[in-house]
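**Q** If you read the sequence shown in my numbering, its first letter stands for residue 2, the second for the next number, and so on. For reference, the structure I am asking about is given below.
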Amino acid sequence: MPWTETDLTGRPPDGTEAELARLMAEDRGRRFDLARPPLVRAALVRHDKGAELLLTLHHILLDGWSLPLLARDLEALTTGAVLPPAVPFKQYLVWLNGQDQARAEAAWRAALSGLTRPALLSPDGPDGQEDTVDVELSAELTAAIARRAADAGVTVNTVAQTAWALVLARMTGAEDLVFGAVVSGRPHDLPGVERMVGLFINTLPVRIRLRSGEGVDELLARVQDERLRLAPYHHVRLAQVQRAAGAGELFDTVLAFENFPRAEGPSPAVELVGTRDATHYPVTVAVVAGERMLLRVSCRRGISAATVATRLTRAFEVLTAAHGTPADRLDVLPRQERRQLLALAGGPVRALAAAPSIPGRFAEQVARTPEAPAVESAGEVLTYGGLDAASGRLAGRLREAGVRPGDTVALPLARSVAMVVAQLAVLKAGACCLPLDPGAPAGRLGALVGAADVRVAVAAEEVRLPEHVRVLGLDGARASAPTAAVHPESAAYVMYTSGSTGEPKGIVTPHRAVVELAADSRFTGGAHRRVLLHSPHTFDAAAYETWVPLLNGGTVVVAPPGPVTPDLLRRLLPEARVTALWLTAELLRTVAEIAPEVLGTPREVWAGGDVLAPEAVRRVRAHCPGTRVVNGYGPTETTVFATAHPVDGDPGAAVPVGRPLDNTRTYVLDRLLRPVPAGTVGELYIAGTGLAHGYLNRPGQTAERFVADPYGPPGGRMYRTGDLARRTADGVLEFAGRADDQVKVRGVRIEPAEVEAALAGCPRVLRAVVGAAPDPAGGKRLVAHLVLADDVTPDAVREHAARVLPAHLLPSLWSRIDAVPLTAHGKVDRAALPDPSAITSPERAPRTGLEGGLCRLFGEVLDVPAHPDTEFFAAGGHSLLALRLASRIKAELGVRVPVPRLFEASTPAALADWLSGPGPGAVDDSLAPVLTLRAGGADRTPLFCVHPGSGFGWWYRGLVPQLGQDRPVHVLQTPALSTGVPQLAPTVGELATSYVARVRALQPHGPYLLIGWSFGGPLCYEIAVALRRAGEEVALLGVVDTLPKPPEVARIPLDPAVVEAKVLSMLLRITAPGASVPATRAEAFALARHDESLIAGFDDARTHALVDTMAHHIRLHRAWSPPPYDGRVTLFSATEDPEGVTTAEKVAGWLRGAAGVDAHDLPGTHYDVFEPPQAARIAAVVEKAAQDATHNAARNRTQGERTVGHSD
């Protein structure tokens, strides 16, 4: 055995102790090599008072119970006494071999049944330096613990385990706790086991479930009872327990209760003066019995041992003092720690703004800088004085219209200088603003206006509002009205957000909250002097974009109509000298990926609305070192921002949401509204001056979410966000998900069990598991994992599910699995489910390097595995992702792919073929009269899709991935797109003649599959009539959300101004979605012909021809009446019609000409019909019609009839 000696004689006592401590620390740092025995070493240290033996050995040799036995033997050797006979360790091995292992594993399996997740303190992180502290409890507390144990009829060990469970519950937020406990492992029925030296101890799980309302004595008794039932099975190794329970890591904290036998009588010659051991667990607690109980706490991974020891001491105190308090309500958090947490919850304290209303603070600014620019837009500048005068005049007109303080005024306005004027005017009149989208369906506008009891609205263009609402224009000179006296708690605006069920909720925000936002110290210093206003004013970010600059003497820079793109920012930010702007997390990610350098002009970029991607922040910081990126967090209920985190260094793995704003408090609380310790996840509550009043006319929901603030001033409230968060030790908040089991997909809360039940009801589905996976855009998407019979595919399930589930409940990703992975106790093992992938055609390897490169880019942009036949839009792609993909292709392959081309060549294989063939230099056929979206199989019946009134056929791209994989799809578009010549046939029937020729050029004979949306419905109907007249079979005449106009309507010609507004709206919906519709064609053309537009290369003459053709389509549809048709019409009807037209009315319209109508409802609006869920329903009907046509043709051939056409 390795032996060393050290002589410390002659040294002073302090020096001796210090050197001895150093020697022991140095020795502990030396590791044993398990391959090189002996696993023991000794060091003898002599000093003036005698000698000490430092004996270091590996735990595999013996346990703590063995140490007094070892000390006894050492004493015998030292004094020359006879060693007592050793009890062979082999006897234990014989006993162990005779145990019923199966029974033991069953007992552990039952004990851990139903455990959903382990209560881990530190699931990851570096090991770090061990932190150890010894705390000796007072004799009084030690005695109180013993009395509590005796009164409850339990052991002190049971009290210690329960105390640690309470601490662990507060540190993890869990109520089902599992931790490791060190057991002696010495079977009571083995003779002489108490005299054996060796490793008998075992570390096994202890499970303690806290039950609501259970008393302390009842909990102690239950814990001991459950522990005693497992005592016969303490020999089972931990790995066996984990296998039996079907679990991996069960715990990462260990409690050891040490009550070893001690020598009695006179002091021995060899005395055991101290022991020290170590484990690999993040927290190890040793409770050593004695007259004064000793707590030895060892921590790793940055966990403070002193903090843990203080909490455990507090747990013993509350357990012994509890009289009638339920155990789950005992708070083990020390009072000092609780005070520190509440101190960290508060943001900077600032005096409230002197002028607490928006008009009042604005008036102060007008007095200071009347000639300073207040609002700018495309060269138009309105000074503070000018804005004050214009808003005052409009406020006067509002007063004349009957608006009184406290009323609500609707503002269905597009983004503009006039919108800012109108908002301020309403507030000056003492009224409340109701921002509305002027392009929203009339039904939704009516519902929102009705809910807010609106009687007056301000609009710049004709908006369909209920008849009782008086609509004021923005013009008309009036004398300025004096500003009404406005209380700071008066409502400034009502902003509608989607509720958990999709039903909108109106959030009422007072003046005080907006003024306090603008007065926040984060917005001082000049960075927010010129703020870009680009968010819809129905979105709360517009409140920041408008009022932070206006109430601080800055300038609101109004972005031009249309979506915000990297190209727009590249031009606008430097031109308008923008110093700050807000971007959604997804828009920041898109800009950071495509053109991060465009954000180099502003001093600050605030982003949020969802989890901020760290890589996006890194790219912006790398390209724009002078721009500060700030993560702004806050629900609408807390007035835009409640916290903020400026990213000054590397953002790390996740960008924090930061610290509270001025006069704001952010509490991280448990279910009992107690502050959770730093590092522990709890629910986030927000209080302070930014709080909204609540939900308009919804007292129940208001009371549920806006609750009393137990830590604020009397009468204060706090908002329950539903978000989970943790606070770091220095007070920074980190987002940690949602507080419930539901998932949130595109703003809608979804219960997975509801979807699972619907999928399980689909034919040949054996099992379905539904969850959520990250969306490539940064959100979530619904995923279905299916166990299917051999003769069914995920495509078939998706088609069936589309007929029974509403659109928002239909999964977008699907995964076929052989079996649902289960834990040992029969629960779904979600961690073992495969990564989901979108439904695609059977996978094959890329044929060329180009195909392989495109597969990689598709996969990276979509964030799913991609192969040559992965369909971009079926795999979760959308317009923003298409923009990213085009940018990535240009950056890595050096070729420009127009975004419209991705709608046609939407797989890596198709795009590679195009790049290898005609490529970017070819004449673009995407605007040709016949556009082939999928060539398909030569023996398959093609589907012909007829364009709507716009003349474009791209709308049908969403239908293609839902159809059978070889189904050819051709779209008929107006020739005006390619020729530049208006198509002005006098009737729909005559227009159809040229379309019939194009159809028959591709498919000379039937059966034909035809479908038409909007104006395409009447045109498709006339094509079918002409084909039947020629003796051809029409297997499907599908019309999508359209109908012939009633005769009394058709006779009345449309106002040319109405037609003009409609066609400009149609043009921008296709080319610049989200853009406000200007008054003139010139302005509309400028918006429509941006670089990524379908008509980017059109000159004025060609664009006029297209718009004239659109207008002609509107007039033709208005006057059209259906001629007789001897077949059936298949109607697909959107259920959310803005004009309130029902499916029954649409059916009646088609029955004026058709022999019959088969109707299918599609959830959603007119423009939702080709979204994946609705398109899947349409595709299912198309495929069935094709199959029926094939069966009929086969039957006719069997009967000897001659048939001409395609098989399917």
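All C-beta atoms, glycine included, are put in the ideal place defined by N, C-alpha and C.
Work out the CA separation of Gln-702 and Ser-501 for me, nearest whole Å.
**A** The pLDDT assigned to Ser-501 is 41, lower than 50, so where the model puts this residue is not dependable; a value taken from the coordinates is nonetheless given after this. Those two C-alpha atoms are separated by around 11 Å.
**Q** Distance, Cα to Cα, Thr-729 vs Ala-679?
**A** So the alpha carbons of these two residues sit roughly 5 Å apart.
**Q** Can you give, in chain order, each stretch of the alpha helix (DSSP H) that sits fully within the stretch 219 to 254 and has at least 4 residues?
**A** Runs of the alpha helix (DSSP H) inside the stretch 219 to 254: 239 to 246.
**Q** Between the alpha carbons of Arg-1 and Glu-605, how many angstroms are there, rounded?
**A** For residue 1 there is no data in the structure shown, the boundaries of the chain being 2 and 1209.
**Q** Let's see if you can read the secondary structure: which residues bound the beta strand (DSSP E) around Ser-816?
**A** Element bounds for Ser-816: 814 to 817.
**Q** By how many angstroms is the C-alpha of Ala-390 removed from the C-alpha of Met-420?
**A** Cα-Cα distance, rounded: 15 Å.
**Q** Among the candidates Asp-1056, Met-1111, Leu-1152, whose CA atom is the shortest distance from the CA of Tyr-1022?
**A** Minimum Cα distance to Tyr-1022 is reached at Leu-1152.
**Q** Quick one: what does DSSP say Cys-434 is sitting in, helix, strand or coil?
**A** Reduced to three states, the DSSP call for Cys-434 is strand.
**Q** Mapping DSSP to helix, strand and coil, what is Met-197?
**A** Looking at Met-197 - three-state DSSP - the assignment turns out to be coil, as it is neither helix nor strand.
**Q** Measure the CB-CB distance between Ile-146 and Met-294 and report whether it falls below 8 Å.
**A** Yes, the pair counts as a contact, with Cβ atoms nearer than the cut-off.
**Q** Which residue's Cα is closest to the Cα of Val-733: Arg-37, Thr-17, Gly-659?
**A** Closest by alpha carbon: Gly-659.
**Q** Taking the alpha carbon of Arg-215 as the reference point, which residue from Val-207, Thr-163, Arg-230 has its own alpha carbon closest?
**A** At residue 215 the sequence reads Glu, which differs from the Arg that was named. Comparing Cα-Cα distances from Glu-215 to each of Val-207, Thr-163, Arg-230, the minimum goes to Thr-163.
**Q** By the DSSP assignment, the alpha helix (DSSP H) with Pro-439 in it spans what residues?
**A** No alpha helix (DSSP H) holds Pro-439; DSSP gives it neither H nor E.
**Q** Where does Glu-684 fall in DSSP's three states?
**A** Three-state DSSP puts Glu-684 in a strand.
**Q** Less than 8 Å between the C-beta atoms of Val-618 and Val-630, yes or no?
**A** The answer is yes: Cβ separation under 8 Å.
**Q** With distances taken Cα to Cα, identify the nearest neighbour of Glu-705 among Pro-69, Arg-1001, Gly-695.
**A** Here the closest residue by C-alpha is Gly-695.
**Q** With DSSP as the reference, label Thr-933 as helix, strand or coil.
**A** DSSP places Thr-933 in strand when its eight states are reduced to three.
**Q** Have a look at the DSSP bridge pairing and note the partners of Arg-1129.
**A** Looking at the DSSP assignment, Arg-1129 forms a beta bridge with Gly-1157.
**Q** Tell whether a beta-carbon distance below 8 Å holds between Gly-1017 and His-1105.
**A** Taking 8 Å as the Cβ cut-off, Gly-1017 and His-1105 do not qualify as a contacting pair.
**Q** For Tyr-1009, which of helix, strand or coil comes out of DSSP?
**A** Looking at Tyr-1009 - three-state DSSP - the assignment turns out to be strand.
**Q** Can you have a look at Asn-664 and say buried or exposed, based on whether 16 or more other CB atoms are within 10 angstroms of its CB?
**A** By the neighbour-count rule (16 or more Cβ atoms within 10 Å), Asn-664 is buried.
**Q** Hey, Leu-685 and Asp-724: beta-carbon distance below 8 Å or not?
**A** Contact: yes.
**Q** Hey, how far is the Cα of Pro-357 from the Cα of Ala-1177?
**A** Each residue's Cα considered, the two are about 54 Å apart.
**Q** What is the rounded straight-line gap between the Cα of Leu-1219 and the Cα of Gly-527?
**A** Nothing about residue 1219 can be read from this structure; the chain reaches only from 2 to 1209.
**Q** Given a cut-off of 8 Å on the beta-carbon distance, is the pair Ala-936 and Pro-899 in contact?
**A** The answer is no: Cβ separation not under 8 Å.
**Q** From the DSSP secondary-structure annotation, give me the bridge partner or partners of Cys-946.
**A** Beta-bridge pairing links Cys-946 to Val-972, Ile-1012.
**Q** Cα separation between Trp-1121 and Gly-990?
**A** Their backbone Cα atoms lie some 9 Å apart in a straight line.
**Q** Determine, using beta carbons only, whether Leu-1068 and Val-1108 come nearer to each other than 8 Å.
**A** Against a cut-off of 8 Å, the Cβ pair of Val-1108 and Leu-1068 comes out as a contact.
**Q** Run the CB neighbour count on Phe-363, radius 10 Å, all protein chains shown included, and call it buried at 16 or more, exposed below.
**A** So Phe-363 counts as buried.
**Q** How about Arg-531 and Val-558: do their beta carbons lie closer than 8 Å?
**A** Cβ distance < 8 Å, so Arg-531 and Val-558 count as in contact.
**Q** Report the option in Ala-726, Val-656, Ala-1190 whose CA atom is closest to the CA atom of Gly-683.
**A** It is Ala-726.
**Q** Leaving out five residues on either side along the sequence, give the residues of the same chain with a beta carbon under 8 Å from the beta carbon of Glu-893.
**A** Same-chain partners within the cutoff: Gly-854, Leu-858.
**Q** For the alpha helix (DSSP H) holding Cys-856, just list the boundary residues, first then last.
**A** From DSSP, the alpha helix (DSSP H) with Cys-856 extends over 850 to 863.
**Q** Which residue comes first and which comes last in the beta strand (DSSP E) that contains Gly-51?
**A** Element bounds for Gly-51: 51 to 58.
**Q** Jot down the residue ranges of each uninterrupted alpha helix (DSSP H) in the stretch 124 to 178, minimum 4 residues, whole runs only, in chain order.
**A** Entirely contained in the stretch 124 to 178, the alpha helix (DSSP H) runs reaching 4 residues are, in chain order, 140 to 153, 157 to 173.
**Q** Have a look at the DSSP bridge pairing and note the partners of Thr-556.
**A** Note: Thr-556 sits in a beta bridge opposite Arg-531.
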